[in-house]
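Presented below is the structure to which this report refers.
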Amino acid sequence: MTSGRAVTFAHANIALAKYWGKRDVANNVPAVPSLSVTLEGMRTSTTLELDESLSSDTFELNGVSAPKEALARAVTLLDRVRREAASSSFARVSSRNDFPTASGLASSASGFAALALAAVNAYGLGWSVERTSDLARRSSASAARSLFGGFVELGNELPSSGVLGAAQVAPVEQLDVHVLVCVTSEGQKAIASTDGMGRTAQESPYYAAWVERAPVMFRELKAALLTKDLERVGDLTEASALAMHASAFAAGVVYVTGATLDAMTRVRELRASGLAAWATMDAGPHVKVLVSRADSATVKAAMERVPGVLRVLEAKPGAGATVIEGGA
Ligand code: DP6
22 MTSGRAVTFA HANIALAKYW GKRDVANNVP AVPSLSVTLE GMRTSTTLEL DESLSSDTFE
82 LNGVSAPKEA LARAVTLLDR VRREAASSSF ARVSSRNDFP TASGLASSAS GFAALALAAV
142 NAYGLGWSVE RTSDLARRSS ASAARSLFGG FVELGNELPS SGVLGAAQVA PVEQLDVHVL
202 VCVTSEGQKA IASTDGMGRT AQESPYYAAW VERAPVMFRE LKAALLTKDL ERVGDLTEAS
262 ALAMHASAFA AGVVYVTGAT LDAMTRVREL RASGLAAWAT MDAGPHVKVL VSRADSATVK
322 AAMERVPGVL RVLEAKPGAG ATVIEGGA
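Under the numbering used here, think of the first position of the sequence shown as 22, with each following residue one higher.
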């Protein structure tokens, strides 16, 4: 039965072991495995309604019509769902982020996770969370991870089933950590991650080294997480981000700014002074700090004083995507 309407929530996630590069561009299969933590504080809520009177999909983001490119990506996901559901109904989609959109704060991850879950339910597909995660991955690979809560992995091989979804590695309680998102700019990111990784793969002399090294860091990080070794998880988190950015940097794909480097330097100083804090950066200028819960208040106060850090958001590990209303 198609309910025709669904309301969903999904949280952002931050990769500790980064995904950067694609093994298969057409199917959006990552070149390397990744491991992330889903964050409670940063949420997208999406309402999707099938509407027989529509002649195309509509997509409102934070109360205004979504940019053309965002609409096109949403339509691609909805077309896949319509094919599977043998439906010709268009959808009215409305999404809201409770954190800044498209500033490198991983809004595409929570956005596509919430959209995939809403579409699967409104079109009555009744898919497993793994299959829904595969659908989200095809739009944005990091979004596959936001279907799950706690600590989550995504592989880099399409199994013969054709379904590559993420999976939970460990629950929220596994590590007593928070993530401090140090916002260094309110603007949109300069190079979208899909383009940044494409350029890195084509032009970076260090891309091959990244693709060889990243799976090793992923495996070590996963093992450290499973034994609750926060020091090791933190060291590998920072190393993964630095290796990813080094490979991108060599292709002229530069996300860091002076403020990013100042914030990262401060994190390293704080760690040298005995605090449990490690820096990571994604396709944007912000610095995310993995910090033990015990040290989070001290580290947050220190990061707020770094010139160039505009504000610091604090998030703890959170739950996976949820259907609030609707469903098959
Ligand atoms: C740096 O998931 O945005 O945040 O699959 O092309 O949409 P596409 O890329 P996307 O890339 C995220 C890259 C990253 C690292 C990560 O989240 O693993």
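The C-beta atom is built at its ideal place from N, Cα and C for all residues, glycine as well.
For residue i, the three-state DSSP class (helix, strand or coil)
| i | result |
| --- | --- |
| ASN177 | coil |
| TRP41 | coil |
| THR402 | In the structure displayed, the chain extends from 22 to 349; residue 402 sits before or after that span and is not available. |
| MET22 | With a pLDDT of 44 at MET22, under the threshold of 50, the modelled position of that residue is not reliable, and no figure is offered here. |
| GLU90 | helix |
| ALA123 | Reliability fails at ALA123, whose pLDDT of 44 lies under 50, so the model's placement of it is uncertain and the value that follows must be treated cautiously. If DSSP states are grouped into helix, strand and coil, ALA123 belongs with coil. |
| ALA260 | helix |
| GLU350 | Outside the shown range of the chain (22 to 349) lies residue 350, about which nothing can therefore be said. |
| VAL344 | strand |
| ARG326 | coil |
| MET254 | A quick correction: the sequence has Val, not Met, at residue 254. In the structure shown, VAL254 sits in a helix (DSSP, three-state: H, G or I). |
| ALA244 | helix |
| ALA130 | helix |
| LEU187 | Reading off the sequence shown, one finds Ala at residue 187, where the question assumed Leu. Coil at ALA187, not helix or strand. |
| THR215 | helix |
| PHE169 | coil |
| VAL96 | helix |
| LEU138 | helix |
| LYS249 | coil |
| PRO192 | coil |
| TYR227 | coil |
| THR19 | Here the chain comprises residues numbered 22 to 349, so residue 19 is not present and cannot be evaluated. |
| PHE239 | helix |
| PHE270 | helix |
| SER110 | coil |
| ALA304 | coil |
| THR278 | coil |
Spatial neighbours of residue i in its chain, beta-carbon cut-off 7 Å, leaving aside the 5 residues before and after
| i | result |
| --- | --- |
| ASP283 | VAL327, PRO328 and GLY329 |
| ASP316 | LEU296, ALA297 and ALA298 |
| GLY347 | SER24, ARG26, ALA27, VAL28, ASN142 and ALA143 |
| ARG376 | Residue 376 falls outside the range modelled here, since the chain spans only 22 to 349, and no answer is possible. |
| ARG2 | This structure leaves residue 2 out entirely; the chain is present only between 22 and 349. |
| ARG94 | SER160 |
| TYR40 | PRO51, VAL53, SER55, ALA162, SER163 and LEU175 |
| ARG44 | VAL50, PRO51, ALA52 and ASN177 |
| MET218 | TRP41, GLY42 and LYS43 |
| VAL312 | VAL198, HIS199, LEU201, ALA297, ALA298 and VAL320 |
| LEU99 | ASP78, ALA112 and ALA140 |
For residue i, the residue or residues it bridges with in DSSP
| i | result |
| --- | --- |
| LEU311 | VAL200 and TRP299 |
| HIS32 | ARG64 |
| SER116 | THR67 and LEU82 |
| LEU56 | ALA38 and GLU174 |
| PRO11 | The requested residue 11 does not occur in the structure, where the chain is confined to residues 22 to 349. |
| PRO51 | LYS43 |
| ARG332 | VAL204 |
| ALA27 | LEU69 and GLY347 |
Cβ neighbours of residue i in the same chain (closer than 6 Å, five flanking residues each side left out)
| i | result |
| --- | --- |
| LEU75 | PHE111 |
| ARG292 | ALA298 |
| GLU224 | ALA272 |
| SER161 | SER129 and PHE133 |
| ALA340 | GLY170 |
| ALA106 | TYR144 and LEU146 |
| ASP119 | ARG64 |
| SER268 | THR221, SER225, TYR227, TYR228 and TRP231 |
| PRO192 | GLY171 |
| GLN189 | PHE169, GLY171 and VAL173 |
| ALA280 | THR205 and GLY329 |
Contact set for residue i: own chain, Cβ-Cβ below 8 Å, skip 5 residues either direction
| i | result |
| --- | --- |
| LYS249 | GLN195 and LEU196 |
| THR278 | THR205, SER206, PRO306 and GLY329 |
| MET265 | LYS39, TRP41, TRP231 and ALA235 |
Interface flag, residue i vs chain D, CB-CB below 8 Å
| i | result |
| --- | --- |
| VAL344 | Given the protein chain composition of this structure (a single chain), no chain D is represented. |
### Query
Would the segment 262 to 275 and the segment 86 to 103 be scored as touching if the rule is three or more Cβ pairs under 8 Å?
no
### Query
Taking three-plus beta-carbon pairs below 8 Å as touching, is the segment 197 to 206 in contact with the segment 171 to 180?
no
### Task
Determine, using beta-carbon pairs with one atom in the segment 51 to 70 and one in the segment 219 to 236, whether at least three such pairs fall under 8 Å.
yes
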